[in-house]
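As structure tokens, the structure follows; a few thoughts come after it.
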Amino acid sequence: MSSPQGRFRAGAKKLDRLVLTTVEAHGKHLFYRWENQSLLHVHLGLYGKFRSHPCPPPKPQGAVRLRIVGDAHAFDLNGPTICEIISSERLEILCRRLGPDPLRRDADPEQVWQRIRKSRASIGALLLDQSVISGVGNVYRAEVLFVNQIHPNRWGKSLSEQEFGAIWETLYQWLRIGVKYNRIITAHSKQRGKPGRLNGAERLLVYKKIHCPDCGAEIKSWELGSRKIYACDFCQN
DNA sequence: AAGAATGTTATGTA
DNA sequence: CTACATAACATTCT
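Each residue of the first sequence is one higher than the one before, counting from 9 in the working numbering.
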């Protein structure tokens, strides 16, 4: 996040010379541990954003929930769903209800599979269920089902173990690419060079697309698990 | 300038 | 009890 040293203000609290000791992510929940033992929990939600400023930072713009000021740089946290100081008990409760995160070393895909194989819920809904698997999100959900040719409406229990294995493996690879380039990239063009150079339209396969990149058919979209899903009825079944 | 959105949880129902 | 579906919330961007 920021330089690990800085001042830090949260709500009525203003703390001096805090030093960041560890940063950890579990799914989309972020946890910042500070030297004074305090624990900051952040969830960006749909539009939360960290913004960097040179010092001295300008007046806070919009919903700034947190400002960290170092010697040379400052960071604002705008519009997160969650920004709170929590106890370690709360941290434990939070993490206990989160399913495995493919990016984490401690992630056990078998746990996810055991939930999916017994479920009558659609695989599309299951991939967004944070107690089943965490960190996927709406874009990767559409993309991972497309590339593995699995229809979002299929029941979890209809998937083969091999199909689930392929989903997990794809997510594992893609999420790492996402971290590396700091953006979601699922389409890899051989022509265009580095994925970092792809524009928004090029770097995804089905999400918000009109036509299927494989067969050219119209991409269908509908609500699934209270989010919009995109799929090709011909290539995914 | 209305409405969708790269998200999650609480609550209700079968 | 479990497991699903739906509503509610929050702010930004187009």
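For each residue, glycine too, the CB sits at the ideal point set by N, CA and C.
- The continuous stretches of beta strand (DSSP E) do not include P65, and DSSP gives it neither H nor E.
- Contact between the segment 118 to 136 and the segment 83 to 96 is absent, with fewer than three C-beta pairs closer than 8 Å.
- In the pairwise beta carbon analysis, the segment 157 to 174 is classified as not touching the segment 95 to 106: fewer than three pairs are separated by under 8 Å.
- Residue pairing by DSSP places Y238 opposite S229 in a beta bridge.
- Between the segment 69 to 86 and the segment 50 to 59, the count of Cβ pairs shorter than 8 Å is three or higher; the stretches touch.
- Separation of A33 and K228 (C-alpha to C-alpha, rounded to the nearest whole angstrom) is 33 Å.
- Distance between S95 and V31, taken at the CA atoms: about 15 Å.
- Rounded to whole angstroms, K236 and I76 show a C-alpha spacing of 35 Å.
- Contact annotation: G143 and D109 have beta-carbon atoms nearer than 8 Å.
- Y40 is bridged by DSSP to V31, L48.
- Taking the Cα positions, A71 is about 5 Å away from G87.
- The bridge partners DSSP lists for F154 come to none.
- Per DSSP, V144 has no beta bridge partner at all.
- Assignment of beta-bridge partners to R105 by DSSP yields no partner.
- For R113, there is no enclosing beta strand (DSSP E), as DSSP gives it neither H nor E.
- Rounded to whole angstroms, R112 and N146 show a C-alpha spacing of 19 Å.
- Its chain contains G107, P108, V140, I141, F172, W176 as the residues whose beta carbon lies nearer than 8 Å to that of V120, once the 5 sequence neighbours on both sides are disregarded; these appear in chain order.
- The three-state reading of DSSP puts V214 in coil, since its state is none of H, G, I, E or B.
- Approximately 6 Å separates the beta-carbon atoms of F39 and H49; this is inside 8 Å, confirming the contact.
- Apart from sequence neighbours up to five positions away, the residues of its chain that approach L213 with a beta-carbon distance below 6 Å are E151, F154, T194, A195, P221, ordered along the chain.
- Judged by DSSP secondary structure, L85 falls within the beta strand (DSSP E) whose first and last residues are 81 to 86.
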